[in-house]
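K.L.:
Residue numbers (my numbering): 1 to 73. I have a structure here, written as C-alpha cells, and I will follow up with some questions on it.
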Amino acid sequence: KAKPRPECILKVKELKQDDEGRIVGWEIAETQEDVNMIWINQDDCIRCGACVAACPVDAISIQKVSLVTEPVT
C-alpha cells in the first residue's frame with residue numbers, strides 16, 4: 001500500500017506560499033482533472049518508504065535529516 005496514512009500523499013491543485021516563498025498550505029484537487037501535482041505532506045509522512053517502492057518513475061526518495069535550532073546571538 002503506497003499510502004498508509006490518509007493525509008500523507010495528497011492530490012493538489014495549488015500550493016499556497018507566503019511572501020518568502022515558503023509553502024504554507026495547499027488546495028486539494030476536487031477532481032482528477034484539477035490535479036496539478038502529487039504532494040507528500042511532511043507533517044503526516046511516517047517515512048515508511050511505501051511511496052518510494054510504488055512510484056513507477058523513481059521520482060521519490062527519502063533522506064534522513066535532522067533539524068538543528070540555535071539561538072541567534
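We put the beta carbon where it would ideally sit given N, CA and C, even for glycine. Model, not experiment: these values are computed from the prediction.
(1) Does DSSP put VAL52 in a helix, a strand or coil?
(2) Residues in the same chain with beta-carbon distance under 6 Å from CYS45, minus the five sequence neighbours each way, listed in chain order, please.
(3) To the nearest angstrom, report how far apart ARG47 and GLU33 are at their CA atoms.
(4) What are the start and end residues of the beta strand (DSSP E) that includes LEU15?
(5) Kindly identify the DSSP beta-bridge partner or partners of GLU27.
P.N.:
Checking against the coordinates, here is how it stands:
(1) Reading the sequence shown from its first residue, position 52 is the one you call residue 52. In the structure shown, VAL52 sits in a helix (DSSP, three-state: H, G or I).
(2) Counting from one through the sequence shown, the residue named residue 45 turns up at place 45. Around CYS45: CYS8.
(3) As a working note, residue 47 is residue 47 in the sequence shown. As a working note, residue 33 is residue 33 in the sequence shown. Taking the straight line from one Cα to the other gives about 28 Å.
(4) Stepping through the sequence shown from its first residue, residue 15 is reached at position 15. Segment 9-17, the beta strand (DSSP E) holding LEU15.
(5) One-based indexing of the sequence shown puts residue 27 at position 27. GLU14, per the DSSP bridge assignment.
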